[in-house]
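Heads up: the sequence lines are chains A and B, in that order.
So for the first sequence, the numbering used here puts the first residue at 253; every next one is plus one.
So for the second sequence, the numbering used here puts the first residue at 253; every next one is plus one.
Number of protein chains: 2
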Amino acid sequence: MGIEGLAPPQKLSLDRAAAASLRDAILSGALAQGARLTETRLAAQFNMSRGTVRAALQRLVAEGLVTQRPYSGWDVAALSIQDTWELSTLRASLEALAARLGAERIDAEGRRSVERAFDELRIAAEGGSADELVAADMGLHRTLVALSGNRRLGEHYDLIANQVRLYITSSTIVVKNMSTVVERHRDLIEPILNGDAVGAEVAAKAHSMRSGAEIVAFLREQDRPSKNGVTAQEVRTPL
Amino acid sequence: MGIEGLAPPQKLSLDRAAAASLRDAILSGALAQGARLTETRLAAQFNMSRGTVRAALQRLVAEGLVTQRPYSGWDVAALSIQDTWELSTLRASLEALAARLGAERIDAEGRRSVERAFDELRIAAEGGSADELVAADMGLHRTLVALSGNRRLGEHYDLIANQVRLYITSSTIVVKNMSTVVERHRDLIEPILNGDAVGAEVAAKAHSMRSGAEIVAFLREQDRPSKNGVTAQEVRTPL
DNA sequence: CTTTTGTTCATTGTCGACAATCATTCCGGT
DNA sequence: ACCGGAATGATTGTCGACAATGAACAAAAG
């Protein structure tokens with residue numbers, strides 16, 4: 253047994269670090285959807301070789317945050333309304349699966365982790381910023397997915413959740429009613445905590461579908477002409 | 253509108269070509285699970301630079317067919333029984349979703365494509381080889397997924413289906429009863445062709461879960477000690 | 001003999017330079 | 001003015017060399 257509470261100083265390889273930096277920039281909205289990414293410029297900004305940023309970009313392609321057009325360039329992924337529908341549908345399906353599995357195998361420690369995440373959400377809903385609320389929301393969902401005990405499910409969920417974040421942060425969706433958020437998540441976690449597998453599955457699907465439908469409705473309402481990333485604004489804030 | 257069934261002569265970039273070659277070798281079983289892959293040797297065999305094979309390997313990592321151990325090496329993915337369970341569960345969920353969506357929006361052309369794929373399966377079941385049967389089976393399922401109209405669902409499904417292929421081909425699972433295969437798939441496609449969404453979802457989940465359970469049972473029966481890729485046999489046939 | 005430490009070697013990580021490709025621009029012809 | 005095609009510039013694709021790292025082995029201490 254190692255020394256308690258002493259994590260190894262994880263040294264990321266350069267390309268991983270670069271990928272992390274780019275990922276943050278994209279998910280925070282600093283890099284707009286559809287923005288062009290050139291290897292040379294990134295290499296200069298990051299003080300590293302082009303091959304290294306190339307590796308980083310390929311990682312992000314695998315995550316669905318960047319698209320590669322051969323011999324032409326790399327773009328920050330631009331999501332159409334069709335894409336948001338696809339992502340919402342997929343997310344609902346995966347969360348429903350996770351909820352069912354989680355309810356089947358939840359134990360004392362699992363309950364604690366869920367309740368802890370739920371408390372964080374409550375706190376954020378009362379006095380936190382919008383960003384904190386979004387973070388707590390995603391944190392709770394991630395906790396539920398982890399509860400399923402299915403590592404691959406978690407991986408695929410992360411991929412999708414990250415892409416969902418793409419348009420959540422970019423469009424700064426405001427939550428109408430803070431207390432509603434808490435209520436909804438209480439309904440979501442209750443059957444899981446009770447070990448009610450089918451109830452959890454139903455609740456999770458309803459929860460995800462509703463939030464997905466709301467996002468799609470919000471984007472439709474905006475009626476922005478960026479059906480396919482036509483806007484392609486440049487970088488909002490420099491790296 | 254282009255000429256029917258005439259795809260442009262896609263010249264893959266070198267790293268894509270290398271990735272394709274490696275993918276084939278892995279999925280065909282020529283490269284055993286857990287086999288070590290060294291950049292230098294592959295570069296020599298493929299007559300290309302190390303950086304290029306590196307890019308190819310990274311693609312395969314994203315597909316879940318290869319694992320990367322930093323500063324240490326690349327391995328062909330080795331799946332434990334836990335992994336097969338995870339993959340089966342995920343696949344079942346995605347196929348159920350696809351079946352429901354497909355049943356909701358099927359049209360005349362969709363019906364034709366499904367029936368065509370089903371015919372191929374029937375033919376393969378009667379007079380084809382085992383490989384052909386597996387290919388037709390996967391083809392039918394892929395057709396159903398495409399029917400959902402959800403591109404991302406297709407992408408995630410492909411990732412999982414490829415990993416499933418990893419242990420299907422490696423363990424050469426033999427089908428006991430050819431006619432059973434056809435029967436089962438008839439039950440699967442019938443509600444979809446009828447536009448029965450909930451029936452399709454139920455049938456698809458049942459179909460996938462059963463096949464997954466059978467595979468897990470088969471692997472358990474084999475009781476091979478490769479719980480975590482400990483076997484790590486070398487390359488069976490040279491590239 | 002076991003455990004720890006030092007060393008060597010194979011392999012990955014990173015880099016800068018050159019080649020292939022694509023998008024644009026410019027020019028001549030009509 | 002309009003259109004086609006060649007030149008041009010920018011960007012990605014590919015390569016070989018050097019540095020950093022980890023794993024296996026050997027040596028020394030207990």
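Every residue gets a Cβ at the ideal spot worked out from N, C-alpha and C, and that includes glycine.
Just so it is clear, the structure is predicted and the values come from calculations on it, not from any experiment.
Pick out whichever of the options has its Cα sitting closest to the Cα of residue i.
i: S324 of chain B; options: B:G464, B:H408, B:L289; result: B:L289
i: G303 of chain A; options: B:Q474, B:Q310, B:Q415; result: B:Q310
i: R363 of chain B; options: B:I420, B:R374, B:I441; result: B:I441
i: A455 of chain A; options: A:G354, A:L264, A:E315, A:L294; result: A:G354
i: G379 of chain A; options: A:V434, A:E407, A:E347, A:V366; result: A:V434
i: A376 of chain B; options: B:M430, B:E453, B:L294; result: B:M430
i: E407 of chain B; options: B:L294, B:E453, B:E347, B:E291; result: B:E347
Determine whether the beta carbon atoms of residue i and residue j lie at a separation below 9 Å.
i: R394 of chain A; j: A413 of chain A; result: yes
i: E356 of chain B; j: G447 of chain B; result: yes
i: L349 of chain A; j: L405 of chain A; result: yes
i: R343 of chain A; j: S460 of chain A; result: yes
i: S340 of chain A; j: A469 of chain A; result: no
i: A270 of chain B; j: V305 of chain B; result: yes
i: Q262 of chain A; j: A329 of chain A; result: no
i: E338 of chain B; j: N299 of chain A; result: no
i: P443 of chain B; j: A351 of chain B; result: yes
In whole angstroms, what separates the C-alpha of residue i from that of residue j?
i: Y409 of chain B; j: V397 of chain B; result: 8 Å
i: T336 of chain A; j: Q474 of chain B; result: 44 Å
i: S345 of chain A; j: A284 of chain B; result: 33 Å
i: R419 of chain A; j: A272 of chain A; result: The displayed chain sequence assigns Tyr, not Arg, to residue 419 of chain A. When rounded, the distance between both Cα atoms is 19 Å.
i: A388 of chain B; j: S463 of chain B; result: 15 Å
i: R472 of chain A; j: G286 of chain A; result: 19 Å
i: E384 of chain B; j: T432 of chain B; result: 16 Å
i: K479 of chain A; j: I467 of chain B; result: Note that K479 of chain A scores a pLDDT of 40, beneath 50, so its modelled location is shaky and nothing firm can be said.
i: A296 of chain B; j: L266 of chain B; result: 14 Å
i: L264 of chain B; j: R321 of chain A; result: 12 Å
i: L445 of chain A; j: L411 of chain B; result: 32 Å
i: I278 of chain A; j: L312 of chain B; result: 24 Å
i: A314 of chain B; j: W326 of chain B; result: 13 Å
i: E372 of chain B; j: G316 of chain B; result: 29 Å
i: Q334 of chain A; j: R374 of chain B; result: 35 Å
i: S400 of chain B; j: A458 of chain A; result: 20 Å
i: G391 of chain A; j: F370 of chain B; result: 43 Å
i: V487 of chain B; j: A307 of chain B; result: Per-residue confidence for V487 of chain B stands at a pLDDT of 32, beneath the threshold of 50, marking its modelled position as unreliable; no derived number is given.
i: G451 of chain B; j: V386 of chain B; result: 25 Å
i: D214 of chain A; j: S301 of chain A; result: For residue 214 of chain A there is no data in the structure shown, the boundaries of chain A being 253 and 491.
i: A449 of chain B; j: S365 of chain B; result: 18 Å
i: L294 of chain B; j: R268 of chain B; result: 14 Å
i: E291 of chain B; j: A360 of chain A; result: 46 Å
i: D276 of chain B; j: R417 of chain B; result: 11 Å
i: I358 of chain A; j: L331 of chain A; result: 36 Å
Examine chain B for any beta-carbon lying closer than 9 Å to the beta-carbon of residue i, and answer yes or no.
i: V397 of chain A; result: no
i: A310 of chain A; result: The question names Ala, but residue 310 of chain A is Gln in the sequence shown. Yes, because at least one Cβ of chain B sits closer than 9 Å to the Cβ of Q310 of chain A.
i: S345 of chain A; result: yes
i: I535 of chain A; result: For chain A, the structure presents residues 253 to 491; residue 535 of chain A sits outside this window and is missing.
i: D359 of chain A; result: no
Does the CB of residue i have a neighbour CB from chain A at under 9 Å?
i: H408 of chain B; result: yes
i: N480 of chain B; result: At N480 of chain B, the pLDDT of 42 sits below 50, so the modelled position is not reliable; the number obtained from the coordinates is stated separately. Answer no: the Cβ-Cβ gap between N480 of chain B and chain A never drops below 9 Å.
i: L499 of chain B; result: Residue 499 of chain B lies beyond the range of chain B shown here (253 to 491); nothing can be said about it.
i: A348 of chain B; result: yes
i: D335 of chain B; result: yes
Using a cut-off of 7 Å between C-beta atoms, extract the partners of residue i located in chain B.
i: R404 of chain A; result: E338, L339, L342
Under 7 Å Cβ-Cβ, which residues of chain A neighbour residue i?
i: G303 of chain B; result: G303
i: L279 of chain B; result: The premise fails here: L279 of chain B is roughly 18 Å from chain A at the closest Cβ pair, so nothing lies under 7 Å.
Residue i touches chain A at which residues, Cβ-Cβ below 9 Å?
i: S265 of chain B; result: P322, Y323
Which bits of chain A does residue i rub up against, with CB to CB less than 8 Å?
i: A307 of chain B; result: R306, A307, Q310
i: A355 of chain B; result: Chain A residues near A355 of chain B: none, gap ~14 Å exceeds 8 Å.
Along chain B, which residues have their Cβ under 9 Å away from the Cβ of residue i?
i: A314 of chain A; result: Q310, R311, V313, A314, E315
Using a cut-off of 8 Å between C-beta atoms, extract the partners of residue i located in chain B.
i: L289 of chain A; result: Simply none; closest approach about 17 Å.
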